[in-house]
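Quick mapping for you: the protein sequence lines, in order, are chains D and P.
All the letters of the first sequence, read from the start, carry residue numbers 296 to 462 under this note's numbering.
All the letters of the second sequence, read from the start, carry residue numbers 296 to 462 under this note's numbering.
The C-beta atom is built at its ideal place from N, Cα and C for all residues, glycine as well.
Number of protein chains: 2
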Amino acid sequence: MLNPSDQEFAKSLLRIFDNVLLTEEKALSKGYFSNLSIAELHTLEAIGPYDARTMSETAARLGITTGTLTVAIDRLVRKAYVERYRDMKDRRVVRIRLTRQGKLAYRMHAKFHTLLVRRLLDPLDESEKQRLVSLVKNIDEFIAEQYHKYSEEENAITAKDSGGLES
Amino acid sequence: MLNPSDQEFAKSLLRIFDNVLLTEEKALSKGYFSNLSIAELHTLEAIGPYDARTMSETAARLGITTGTLTVAIDRLVRKAYVERYRDMKDRRVVRIRLTRQGKLAYRMHAKFHTLLVRRLLDPLDESEKQRLVSLVKNIDEFIAEQYHKYSEEENAITAKDSGGLES
DNA sequence: AATAAATAGTTTGATTTGCAAACATTTTAT
DNA sequence: ATAAAATGTTTGCAAATCAAACTATTTATT
């Protein structure tokens with residue numbers, strides 16, 4: 296049950312997420328990764344360094360609308376991280392692909408993540424590392440599953456203790 | 296060293312953060328917590344359910360400027376989650392405090408976190424739980440420390456492989 | 001073939017979140 | 001009394017996001 300520390304644990308967990316994001320933002324604001332925001336880096340990540348992707352595919356990966364992505368890609372094209380062109384076979388679809396500069400940024404970002412993780416794993420001994428890695432994998436799966444749960448319960452749950460707001 | 300799986304691990308770790316945020320956003324969009332965004336809930340969290348806090352104190356906790364917080368509090372006051380009043384002793388300072396509704400939202404959010412964590416811990420046996428809890432504490436500290444590192448290196452590091460951008 | 005329906009993106013109008021800099025008020029130091 | 005510091009607010013701007021209206025293209029239906 297671990298009752299008494301649940302709350303404590305939840306706080307730690309959530310603080311980690313905040314801290315990771317803060318660390319990354321801090322690194323960004325220092326000029327690592329040139330003039331890219333976190334959202335922009337995520338976009339580069341979702342496009343990936345290899346194939347060209349369609350807009351909707353990428354928007355779905357990012358969990359945003361294509362309208363939002365259009366604007367984001369406009370900027371990334373202007374900044375020369377991404378190329379955009381129409382598909383020859385189906386001329387409705389637009390393909391996006393990292394430029395050489397985009398791929399460079401992608402790799403630097405990946406390297407940054409690796410560095411962060413390496414620092415995290417360094418002080419642990421071999422068996423602890425293995426344990427941590429498998430643990431993280433479990434958490435990952437669990438939370439993804441939770442996410443799907445919320446996605447699919449769509450309208451099943453209608454908040455019990457909400458109480459009217461706003462006017 | 297765990298070299299080959301560093302990259303894999305980094306990805307898992309980052310995916311977890313995304314997933315937690317997605318889960319929370321999903322829950323929010325379903326109407327749990329009424330009409331509050333994640334940022335607004337974080338603000339309620341930073342104010343806390345007990346004492347009144349000052350603007351700068353709260354802004355610092357959240358890592359945002361007081362200007363930004365002013366706007367956020369405007370909205371939360373309008374939505375009746377927060378009360379704002381001037382301090383009698385030092386009339387420069389503004390104090391903010393959760394209303395009854397604000398406290399309710401605060402508690403619901405905390406309950407949600409606890410639920411998330413309980414689901415995570417449930418399938419583990421007692422010793423695994425203990426281990427996970429201490430592990431999370433370690434990660435937490437490590438990342439906080441990383442964050443400070445980036446904060447203090449302020450201008451020490453000037454990106455080596457950046458390369459001019461934007462025209 | 002002609003029309004209707006579906007699909008893929010873009011554009012528009014709005015909101016939220018955020019910063020920096022200018023500003024007002026109040027307190028503290030000189 | 002004047003200058004400096006501290007605390008918030010306001011203003012102007014930009015990024016990120018959505019929903020809904022729209023355009024262009026492809027696929028289905030009659």
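C-beta atoms of residue i and residue j nearer than 8 Å
i               : j               : result
A367 of chain D : T394 of chain D : no
K424 of chain P : L416 of chain P : yes
I391 of chain D : R379 of chain D : yes
Close Cβ partners of residue i (< 8 Å) along its chain, the five nearest in sequence each way excluded
i               : result
A334 of chain D : A367
A354 of chain D : T360, T361, T363, L364
Y376 of chain P : L331, E335, L339, L393, T394, Q396, G397, A400
K381 of chain P : Reading off the sequence, residue 381 of chain P comes out as Arg, not Lys. Counting only Cβ-Cβ distances below 8 Å, and skipping sequence neighbours, we find V388, V389, R390.
Identity of the residue in the options nearest residue i by Cα
i               : options                        : result
E340 of chain P : P:A400, P:R387, P:E421, P:S422 : P:A400
S332 of chain P : P:L371, P:V412, P:E352         : P:L371
D369 of chain P : P:D420, P:K384, P:M383, P:M350 : P:M350
G343 of chain P : P:T409, P:D420, P:A405, P:R413 : P:A405
Residues bridged to residue i (per DSSP)
i               : result
L393 of chain D : D:V377
R348 of chain D : D:I391
Sequence-distant residues of its chain with Cβ nearer than 6 Å to residue i (five each side left out)
i               : result
L357 of chain D : A341
R413 of chain P : none
Neighbourhood of residue i by C-beta, 7 Å cutoff - its chain only, sequence neighbours within 5 removed
i               : result
A451 of chain D : Caution is warranted here: a pLDDT of 35 is assigned to A451 of chain D, below 50, making its placement in the model unreliable, and the coordinate value is therefore given only provisionally. Excluding residues within five positions, none has a Cβ falling inside 7 Å.
D346 of chain D : none
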